[in-house]
Amino acid sequence: MPYSDIFKDHLANPRNAGELPDANAIAEETNPVCGDRLRLSLRIKDERIEAGRFLAYGCAPTLACGSALAEMLEGSTVEEARALTRQEVIDAIGGLSSRKQHAAALAIEALRKALDEVADR
Amino acid sequence: MDHSATTPIDSRVVDAMMPYLTQRFGNASSIHQFGQEARAAVDKARRQIASLISARANEIVFTSGGTEANNLAIRGVCEAAQAHGRHIITSAIEHPSVRGVLEYLEKNGWTITRLPVYDGGVVRIEDVRAAIRDDTVLISVMMANNEIGTIQPVKEIGALVRATRESGQKHLSFHTDAVQASGRIPIDVEHVRCDLLSLSAHKMYAPKGTGALFIRRGVRLFPQQIGGHQERERRAGTESVPNIVAFGKAAELAREEMDQRQEQTERLRDRFEEKVQSRIDDIVFNGDRRRRLSNVSNISFRFIEGEGLLIHLDMQGVAVSTGSACSSGTLEPSPVIKALGRDEELARGAIRFSFGKDNTDEDVDVAVEAVARAVESLRSISPLARESLST
Ligand SMILES: Cc1ncc(COP(=O)(O)O)c(C=O)c1O
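Just so you know, the protein sequences line up as chains S and Y, in that order.
What the first sequence shows, in the numbering used here, is residues 2 to 122, in sequence order.
What the second sequence shows, in the numbering used here, is residues 2 to 392, in sequence order.
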């Protein structure tokens with residue numbers, strides 16, 4: 002399955018790339034098999050994600066999922082973010098072949114980990 | 002910038018093949034006039050290809066491409082020689098069409114010795130010598146590598162095989178995959194002393210789906226396509242006359258223009274590498290930079306992965322290749338780059354740029370700009386790049 006135009010656009014023009022200096026939820030996940038990495042930093046205030054940034058290393062789907070996720074998160078509530086699914090991330094980049102869907106799984110894991118970090122406090 | 006993957010068909014090649022796609026449609030096995038016309042055209046192409054590698058015309062067998070030539074060479078020789086031994090020597094950097102056949106034979110009880118290539122990407126002749134056993138029946142080492150372009154010591158291997166045979170081990174053969182080398186460096190089978198040599202038309206400005214195997218007179222080989230008398234019983238199936246005519250013409254042009262093409266691509270490649278080196282930090286050139294094809298540049302970019310870079314470049318109209326493949330969450334970084342001893346990150350960040358006779362200085366400059374932009378963008382989102390800054 003060829004990559005979609007929206008997928009390629011996320012690669013060429015990554016949204017919300019970088020790290021937030023004043024983040025209060027930071028998480029990084031690594032795919033133990035292929036070594037792909039995704040780091041999320043979120044600034045959460047009053048149960049709302051005010052800002053979200055990502056950094057990613059790995060295959061193209063990992064980069065695109067990171068960019069799409071960071072974009073989707075900004076402005077959403079923590080509850081909405083918790084409910085986000087792998088499929089929603091996949092849809093946001095115009096679909097992924099089944100062999101590449103692990104990239105979206107990595108994104109959701111990083112998100113859950115970041116949100117748990119806030120909940121733990 | 003991806004001429005190692007394939008090349009455009011030269012317009013002179015199109016002109017040569019066109020009549021055989023239209024009026025001259027005969028089957029080269031037919032006795033009548035149409036058939037004889039096709040037969041004559043195939044035989045002419047055979048001579049043109051033979052002359053590119055200094056072989057005799059009857060030592061050339063047409064196939065459906067480089068992959069089939071490699072299959073026919075290895076499986077054909079191994080089947081014929083298995084009573085004398087089941088050991089094969091090869092390199093760690095062969096094309097999948099050799100690597101895959103050898104893995105198949107390994108599953109069927111053959112023993113394979115894969116020689117290392119060290120950081121330069123070149124096999125050492127001492128290693129070849131040390132690997133030869135009494136039951137070795139085949140050595141298959143490519144002439145030039147498809148990812149990094151390094152040229153292997155095939156002449157030394159050829160001499161070694163000759164000497165080993167003369168000292169009594171009569172059933173040892175030497176095959177070399179010259180698909181990337183052909184048309185790019187001069188090849189002389191008398192000089193290399195190989196017994197089998199594979200070629201592919203589409204790397205030489207001719208159409209895909211045609212190749213050839215040089216089989217030295219006297220080499221025993223079992224056919225792999227059975228059920229017809231074509232190619233002197235060595236490869237059954239009606240010849241693709243237009244493609245073969247095209248291949249012949251392309252071989253003739255390659256021979257005539259070899260020096261010019263070599264100089265041209267080398268100049269472009271060196272211009273490219275100089276500019277990339279001055280524009281981009283944290284890069285590593287892969288493969289011995291003196292001992293390689295003039296048209297290939299393989300570079301690892303630290304902190305980023307090749308696939309993202311490839312897509313970025315594609316969006317800017319620059320086509321390149323990576324040797325890595327990711328599926329089901331298992332990444333297989335290029336076995337060739339790994340064989341150089343590079344770490345995982347460098348193996349994942351390797352990109353092959355390969356130039357052709359019709360590329361220009363401007364193409365190179367556009368590509369350099371595109372690479373610089375893409376690398377900068379990908380590094381700006383890479384956690385590895387950030388970590389390197391903070392340490
Ligand atoms: C070194 C080498 N051998 C064999 C092949 C296969 O040739 P073909 O595409 O004609 O099957 C290739 C093509 O990529 C190659 O680079």
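Positions of the beta carbon are idealized from the N, C-alpha and C atoms, including for glycine.
Computed from a predicted model, the values in this text were never measured in an experiment.
Roughly how many angstroms separate the alpha carbons of residue i and residue j, rounded to a whole number?
i                     : j                     : result
residue 1 (chain S)   : residue 107 (chain S) : Past the boundaries of the shown model lies residue 1 (chain S); chain S is included only from 2 to 122, so the question cannot be answered.
residue 33 (chain S)  : residue 361 (chain Y) : 43 angstroms
residue 367 (chain Y) : residue 356 (chain Y) : 13 angstroms
residue 83 (chain Y)  : residue 134 (chain Y) : 14 angstroms
residue 245 (chain Y) : residue 272 (chain Y) : 35 angstroms
residue 55 (chain S)  : residue 265 (chain Y) : 44 angstroms
residue 98 (chain S)  : residue 20 (chain Y)  : 43 angstroms
residue 138 (chain Y) : residue 121 (chain Y) : 27 angstroms
residue 19 (chain S)  : residue 42 (chain S)  : 8 angstroms
residue 8 (chain S)   : residue 101 (chain Y) : 33 angstroms
Report yes if the C-beta of residue i is less than 7 angstroms from at least one heavy atom of ligand 1; otherwise report no.
i                     : result
residue 141 (chain Y) : no
residue 72 (chain Y)  : no
residue 383 (chain Y) : no
residue 67 (chain Y)  : yes
residue 288 (chain Y) : no
residue 203 (chain Y) : yes
residue 244 (chain Y) : no
residue 181 (chain Y) : yes
residue 147 (chain Y) : yes
residue 3 (chain Y)   : no
residue 176 (chain Y) : no
residue 230 (chain Y) : no
residue 98 (chain Y)  : yes
residue 184 (chain Y) : no
residue 212 (chain Y) : yes
Would you mind working out which of the options sits nearest residue i, comparing C-alpha positions?
i                     : options                    : result
residue 12 (chain S)  : Y:352, Y:322, Y:353, Y:312 : Y:312
residue 227 (chain Y) : Y:238, Y:221, Y:11, Y:217  : Y:238
residue 31 (chain Y)  : Y:184, Y:39, Y:259         : Y:39
residue 4 (chain Y)   : Y:212, Y:264, Y:204        : Y:204
residue 337 (chain Y) : Y:249, Y:241, Y:158, Y:147 : Y:147
residue 149 (chain Y) : Y:249, Y:298, Y:347, Y:376 : Y:298
residue 371 (chain Y) : Y:301, Y:304, Y:280, Y:293 : Y:280
residue 10 (chain S)  : Y:379, Y:69, Y:334, Y:385  : Y:379
residue 140 (chain Y) : Y:223, Y:92, Y:164, Y:269  : Y:92
residue 46 (chain S)  : S:25, S:65, S:40, S:59     : S:25
residue 162 (chain Y) : Y:131, Y:294, Y:179, Y:352 : Y:131
residue 387 (chain Y) : S:14, S:38, S:4            : S:38
residue 54 (chain Y)  : Y:70, Y:191, Y:136, Y:37   : Y:191
residue 36 (chain S)  : Y:344, Y:363, Y:376, Y:213 : Y:344
residue 112 (chain Y) : Y:99, Y:87, Y:94           : Y:87
residue 369 (chain Y) : Y:350, Y:358, Y:314        : Y:314
residue 277 (chain Y) : Y:351, Y:373, Y:359        : Y:373
residue 180 (chain Y) : Y:260, Y:34, Y:7, Y:382    : Y:7
residue 353 (chain Y) : Y:385, Y:382, Y:285        : Y:285
Less than 8 angstroms between CB atoms is the rule here; does residue i satisfy it with respect to chain Y?
i                    : result
residue 38 (chain S) : yes
residue 60 (chain S) : yes
residue 52 (chain S) : no
residue 69 (chain S) : no
residue 15 (chain S) : yes
residue 12 (chain S) : yes
residue 64 (chain S) : yes
residue 9 (chain S)  : yes
residue 57 (chain S) : yes
residue 18 (chain S) : yes
Chain S beta carbons: is any one of them nearer than 8 angstroms to that of residue i?
i                     : result
residue 300 (chain Y) : no
residue 309 (chain Y) : yes
residue 382 (chain Y) : yes
residue 316 (chain Y) : yes
residue 90 (chain Y)  : no
residue 338 (chain Y) : no
residue 258 (chain Y) : no
Assuming residue i and residue j are in contact, meaning their beta carbons sit under 8 angstroms apart, how far apart are those beta carbons, in whole angstroms?
i                     : j                     : result
residue 207 (chain Y) : residue 14 (chain Y)  : 5 angstroms
residue 295 (chain Y) : residue 185 (chain Y) : 7 angstroms
residue 52 (chain S)  : residue 21 (chain S)  : 6 angstroms
residue 74 (chain Y)  : residue 201 (chain Y) : In fact, because the Cβ distance is near 13 angstroms, the residues do not count as touching under 8 angstroms.
residue 212 (chain Y) : residue 69 (chain Y)  : 6 angstroms
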